[in-house]
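Worksheet for the structure shown next.
In the working numbering, the protein residues as written are 169 to 261.
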């Protein structure tokens, strides 16, 4: 049972690399050409992390604000939660 959180974290990282890193960057800072062109959110900012709830991140994943694609029909609830947990781990002081 103790291995389940590691699996969720691994899945979150893999999903992030597949679906998010092109714009948000490997480190979440959105310092990619696509990120700049699409005004992608810097997910590593402590201020953004503090003022953004998990539910708001889920809503963004599902609805795809701005140029971001919507993943409501493409990712399961568990996958969306794994992404939220991974995004929370991108926080920088």
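Don't be surprised by glycine CBs; every beta carbon is placed ideally from N, CA and C.
- Taking C-beta atoms as the reference points, residue 249 and residue 238 fail to come closer than 8 angstroms.
- DSSP places residue 254 inside the alpha helix (DSSP H), whose first and last residues are 245-256.
- Secondary structure within the region 182-252: the alpha helix (DSSP H) runs of 4 or more consecutive residues, fully enclosed, are 189-192, 201-206, 214-219 and 222-231 (chain order).
- Around the beta carbon of residue 193, a 10 Å sphere encloses 16 or more other beta carbons of the protein chains shown; the residue is thus reported as buried.
- Taking C-beta separations shorter than 8 angstroms and ignoring five residues to either side along the sequence, the partners of residue 206 in its chain run 191, 234, 235 and 236, following chain order.
- The straight-line gap separating the alpha-carbon atoms of residue 184 and residue 254 is approximately 8 angstroms.
- Residue 204 and residue 197 have their alpha carbons spaced roughly 10 angstroms apart.
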